[in-house]
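Asks: Numbering (the working numbering), first residue to last: -12 to 199.
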Amino acid sequence: MTDAWILLGIMLVLLLGTGVGAIIFNLKLSQKVIEQFKKLGNHYGLEITIPKRTMGGLYQRNPTLYGDYEGREMSIYPRGYGMDNTRQTDIAIRLMTKAPKDFAFTFAKRNALAKLGQTARLKPCETGDADFDNAFSLRSNNPGAAKALFGEELRKRIVCEWSAESGFLSLRDRTLAYEELGLPREDNERAHVEVIADLCLEIASEVDAFTG
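1. Looking at the structure shown, is PHE137 part of a helix, part of a strand, or coil, going by DSSP?
2. Expressed to the nearest angstrom, what Euclidean distance is found between the alpha-carbon atoms of ALA18 and GLU57?
3. Quick test of your reading: LEU186 and ARG144, contact by CB under 8 Å. State the CB separation rounded to the nearest angstrom.
4. Are the beta-carbon atoms of ALA91 and LEU168 separated by less than 8 Å?
5. Report the residue from ILE37, MET61 and SER124 whose alpha carbon sits nearest the alpha carbon of LYS110.
6. Would you give the residue range spanned by the beta strand (DSSP E) that PHE119 belongs to?
7. Of the residues ARG48, ILE78, ARG126 and ASP55, which one's Cα is nearest the Cα of LYS96?
8. If you measure between the beta carbons of PHE94 and LEU136, is that distance less than 8 Å?
9. Tell me ILE145's beta-bridge partners as DSSP assigns them.
10. The beta strand (DSSP E) that contains ASP55, what's its start and end?
11. Would ILE35 and GLY28 be called neighbours here (beta carbons separated by less than 8 Å)?
12. Between the beta-carbon of LEU163 and the beta-carbon of THR84, is there less than 8 Å?
13. Using the beta-carbon count (16 or more within 10 Å), is ASN251 buried or exposed?
14. Could you compute how far the alpha carbon of CYS147 sits from the alpha carbon of GLU139?
15. Look at the alpha carbon of TYR64 and the alpha carbon of LEU156, and state the distance between them as a whole number of angstroms.
16. Would you check if the distance between the CB atom of ILE190 and the CB atom of ILE80 is smaller than 8 Å?
17. Out of ASP89, CYS112 and TRP149, which one is the CA nearest neighbour of GLY131?
18. Verify whether the separation of the beta carbon atoms of GLY54 and LEU33 is less than 8 Å.
19. In whole angstroms, what separates the C-alpha of ASP174 from that of PRO38?
20. With DSSP collapsed to three states, give me the class of ARG177.
21. Look up LYS110 in the DSSP assignment and give the residues it is bridged to.
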């Protein structure tokens, strides 16, 4: 009986140690995300909101950024899933545009993961650039406008800067939104977010100029 109680005690200590270790590890990861979001906020002049820790300080939600960048409403935030959006695994960028409210498109690499968000009600749209069209999937409720929007210079920039297989871009209700798996915890990951955010800002400007 004594040996059984000793074994049980050892198991409980191991479980407790594992749980505490996991909590500390997750809090360290959250702090890394916070630091990278602070740098993003400074880069774009956006206000950061850092939620207070909950569950007695054991759980930290990720921060959000919101503000005005060069006259455009902009936000960068973790995309949440599950109950109360607690499973935050994706980075999201949102920009307001001057596009007609009924103009919509989706854009992603031609792989199963990225195309999950594309809807059948939007029509496939080819730009006429065979290499580009083979690599990327563009769908729109106005294929002619979408084709004209994704001109040669924009296509070249996308080819150079769009690296994430999971990246997904959409325009709905004048909102240009980009989502990608993963949150920035290191400087190189934050630098990638800046590259994509700058690309999205360029696309938003093209949308404004083309449809404004």
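The C-beta atom is built at its ideal place from N, Cα and C for all residues, glycine as well.
Replies: Straight from the coordinates:
1. coil
2. Going by the sequence as given, residue 18 is Gln instead of Ala. Answer to the nearest angstrom: the Cα atoms are 29 Å apart.
3. The pair is a contact, with the Cβ atoms about 6 Å apart (cut-off 8 Å).
4. no
5. SER124
6. Unbroken run through PHE119 is the alpha helix (DSSP H), 117 to 122; no beta strand (DSSP E).
7. ARG126
8. no
9. Paired residue(s): none; ILE145 is not in a bridge.
10. 51 to 56
11. Yes, Cβ-Cβ distance for ILE35 and GLY28 is below 8 Å.
12. yes
13. The structure shown has nothing for residue 251, since the chain only spans -12 to 199.
14. 13 Å
15. 15 Å
16. At least 8 Å separates the beta-carbon of ILE190 from that of ILE80.
17. CYS112
18. yes
19. 22 Å
20. helix
21. The partner list for LYS110 (beta bridge, DSSP) reads SER127.
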